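Written below as structure tokens is the structure these notes are about.
In our numbering, the protein residues as written are 66 to 489.
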């Protein structure tokens, strides 16, 4: 048995790899291959999953759905149409050259789903990009305008659902329970509510809530207010985002002078720390010795301090940062959603893009609901945190909302079990 995985984006590649690893544990004889439709598929290469067909990094980096100009750049400068044709031919060749039974797993949105259908073999779809939460919540439509956007009453349009309803489509895995419910109401679609693999590897499936301890109040008073900083992972954009985040950091430090504050900046390994360090120092921070006691494990992290406020830049402790922080100042996609999925509030500042624009941040705020607070300027972040700290009922609602919208850990395993049973 051979399985080809199609995905269209860095985040989608990572999700696909999690599912494929689980699948290989359960069905070790399955021969895996992948074709990243966007980017070069570094996640597959790191996990020794062979890539078939042509791959290429487009000028937009894949962020085209909010901006038609980015799409035009990909077509004109990046040779997008030629790449699409080459990838289609590679998929057909992969299918036709195999003497074994074959199947396709599509991860992402309409594009990999369409390619999976065109492959002419059984396929399954993991929908990572669309959610009913963009248009509605459990209480109904977010607005009359959002209801009009739901062509056929769903965030998945009739053409999407047509592809999901073909006989060769064996399974559809939406990203959340609300989306699964709406799709199930739309007819005979093979929908499985297995959860969102984005939370895998962040929180253990066995994680249990920490109930009150005898000294919980004293512990809370003694520890620092920990704030996660997420500038994104795209090089030039992340450095610009960091400039805005640095202003927010300065305002937070000024507003919470009487409280111990720890800033944890989770920086993508692909980024250079030099411009980030320069910005920190331009905002009054100085290099300092890395403290012995930190809620993260990374001896290579860089430490900065200003008036007793500690700022840590780390490229090796992403998960630790998410688990340790109380709030996030976020200008990122996947990382923001994972943080919110832990039941914590994030404050978002729109940037210039190409990814984290106002349009992206506004759409993300609909996806994540009350867990994501969208502000217009970095100077407004400190007040947003102060307001949240004064409202424990709102914090409790945010905790419940985030976990409901992002789901629990173990989705990749559950999806792999279903694929092994139905597709392979």
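Cβ atoms here follow ideal geometry from the backbone N, Cα and C, with glycine treated the same way. This structure is a prediction, so every number in the text was calculated from the model and none was measured.
Going by the beta-carbon positions, is the gap between residue i and residue j smaller than 8 Å?
{"i": "residue 152", "j": "residue 119", "result": "yes"}
{"i": "residue 70", "j": "residue 257", "result": "no"}
{"i": "residue 109", "j": "residue 149", "result": "no"}
{"i": "residue 432", "j": "residue 235", "result": "no"}
{"i": "residue 221", "j": "residue 248", "result": "yes"}
{"i": "residue 117", "j": "residue 100", "result": "yes"}
{"i": "residue 436", "j": "residue 466", "result": "yes"}
{"i": "residue 228", "j": "residue 177", "result": "no"}
{"i": "residue 395", "j": "residue 295", "result": "yes"}
{"i": "residue 292", "j": "residue 390", "result": "yes"}
{"i": "residue 348", "j": "residue 91", "result": "no"}
Roughly how many angstroms lie between the CA atoms of residue i and residue j, to the nearest whole one?
{"i": "residue 453", "j": "residue 345", "result": "26 Å"}
{"i": "residue 368", "j": "residue 337", "result": "15 Å"}
{"i": "residue 423", "j": "residue 415", "result": "5 Å"}
{"i": "residue 21", "j": "residue 252", "result": "For residue 21 there is no data in the structure shown, the boundaries of the chain being 66 and 489."}
{"i": "residue 300", "j": "residue 164", "result": "43 Å"}
{"i": "residue 143", "j": "residue 324", "result": "Residue confidence for residue 143 is low, a pLDDT of 46 falling below 50, so the modelled location carries little weight; the figure read from the coordinates is stated next. Between residue 143 and residue 324, the C-alpha separation is close to 50 Å."}
{"i": "residue 130", "j": "residue 290", "result": "Because the pLDDT of residue 130 is 49, which lies under 50, any placement of that residue in the model is unreliable, and the question is left without a value."}
{"i": "residue 73", "j": "residue 386", "result": "27 Å"}
{"i": "residue 263", "j": "residue 403", "result": "7 Å"}
{"i": "residue 308", "j": "residue 187", "result": "48 Å"}
{"i": "residue 276", "j": "residue 457", "result": "For residue 276, the pLDDT reaches just 38, beneath the cut-off of 50, and the residue's location in the model is therefore unreliable, although a value from the coordinates is still provided. Rounded to whole angstroms, residue 276 to residue 457 spans 16 Å at the Cα level."}
{"i": "residue 213", "j": "residue 192", "result": "22 Å"}
{"i": "residue 272", "j": "residue 462", "result": "Note that residue 272 scores 49 on pLDDT, short of 50, meaning its location in the model is unreliable; the coordinates nonetheless yield the value given after this. When rounded, the distance between both Cα atoms is 20 Å."}
{"i": "residue 281", "j": "residue 75", "result": "Unreliable placement is indicated for residue 281, whose pLDDT of 41 sits below 50; the coordinate value is still reported in the next sentence. Cα to Cα, residue 281 sits roughly 40 Å from residue 75."}
{"i": "residue 274", "j": "residue 408", "result": "At residue 274 the pLDDT is 43, less than 50, meaning the model places this residue with poor confidence and gives no usable figure here."}
{"i": "residue 216", "j": "residue 356", "result": "55 Å"}
{"i": "residue 448", "j": "residue 421", "result": "22 Å"}
{"i": "residue 154", "j": "residue 313", "result": "49 Å"}
{"i": "residue 88", "j": "residue 77", "result": "16 Å"}
{"i": "residue 210", "j": "residue 427", "result": "14 Å"}
{"i": "residue 86", "j": "residue 93", "result": "10 Å"}
{"i": "residue 303", "j": "residue 311", "result": "12 Å"}
{"i": "residue 200", "j": "residue 364", "result": "44 Å"}
{"i": "residue 388", "j": "residue 434", "result": "20 Å"}
{"i": "residue 340", "j": "residue 375", "result": "18 Å"}
{"i": "residue 182", "j": "residue 343", "result": "49 Å"}
Starting from residue i, trace the beta strand (DSSP E) in both directions and tell me its first and last residue.
{"i": "residue 192", "result": "188–192"}
{"i": "residue 329", "result": "326–331"}
{"i": "residue 96", "result": "96–101"}
{"i": "residue 351", "result": "351–353"}
{"i": "residue 234", "result": "234–238"}
{"i": "residue 371", "result": "367–371"}
{"i": "residue 170", "result": "167–173"}
{"i": "residue 70", "result": "67–72"}
{"i": "residue 374", "result": "374–379"}
{"i": "residue 292", "result": "290–295"}
{"i": "residue 437", "result": "437–439"}
{"i": "residue 412", "result": "411–413"}
Between the Cα of residue i and those of the options, spot the shortest distance and give me the residue it belongs to.
{"i": "residue 418", "options": "354, 401, 437, 306", "result": "306"}
{"i": "residue 477", "options": "196, 156, 166, 267", "result": "267"}
{"i": "residue 359", "options": "328, 435, 371, 91", "result": "328"}
{"i": "residue 479", "options": "105, 391, 261", "result": "261"}
{"i": "residue 366", "options": "375, 380, 391", "result": "380"}
{"i": "residue 297", "options": "356, 440, 393", "result": "393"}
{"i": "residue 316", "options": "471, 445, 411", "result": "445"}
{"i": "residue 442", "options": "455, 451, 412, 464", "result": "412"}
{"i": "residue 371", "options": "352, 189, 342, 339", "result": "352"}
{"i": "residue 362", "options": "341, 322, 350, 384", "result": "384"}
{"i": "residue 439", "options": "189, 104, 397", "result": "397"}
{"i": "residue 470", "options": "171, 245, 375, 172", "result": "245"}
{"i": "residue 66", "options": "175, 181, 166", "result": "166"}
{"i": "residue 237", "options": "410, 173, 322", "result": "173"}
{"i": "residue 190", "options": "170, 335, 455, 343", "result": "170"}
Between residue i and residue j, which are expected to be in contact by the criterion C-beta below 8 Å, what is the C-beta distance as a whole number of angstroms?
{"i": "residue 406", "j": "residue 468", "result": "7 Å"}
{"i": "residue 331", "j": "residue 400", "result": "7 Å"}
{"i": "residue 97", "j": "residue 168", "result": "Not really, about 11 Å apart at Cβ, beyond 8 Å."}
{"i": "residue 240", "j": "residue 196", "result": "5 Å"}
{"i": "residue 320", "j": "residue 147", "result": "So it is not a contact: roughly 53 Å between Cβ atoms."}
{"i": "residue 156", "j": "residue 194", "result": "Between residue 194 and residue 156 the Cβ distance is about 20 Å, and since that is not below 8 Å, they are no contact."}
From what residue to what residue does the alpha helix (DSSP H) around residue i run?
{"i": "residue 406", "result": "399–406"}
{"i": "residue 81", "result": "75–91"}
{"i": "residue 212", "result": "209–214"}
{"i": "residue 319", "result": "300–320"}
{"i": "residue 346", "result": "338–347"}
{"i": "residue 390", "result": "Residue 390 -> no alpha helix (DSSP H), and no H or E assigned at all."}
{"i": "residue 480", "result": "476–487"}
{"i": "residue 460", "result": "457–471"}
{"i": "residue 223", "result": "223–229"}
{"i": "residue 430", "result": "423–433"}
Sorry if obvious, but does the Cβ on residue i come closer than 7 Å to a heavy atom of the ligand SAH?
{"i": "residue 212", "result": "Because no ligand of any kind appears in the structure shown, any question about the ligand SAH cannot be addressed here."}
Any Cβ of chain C within less than 8 Å of the Cβ of residue i?
{"i": "residue 394", "result": "Absence of chain C from the displayed structure is noted, only one protein chain being present."}
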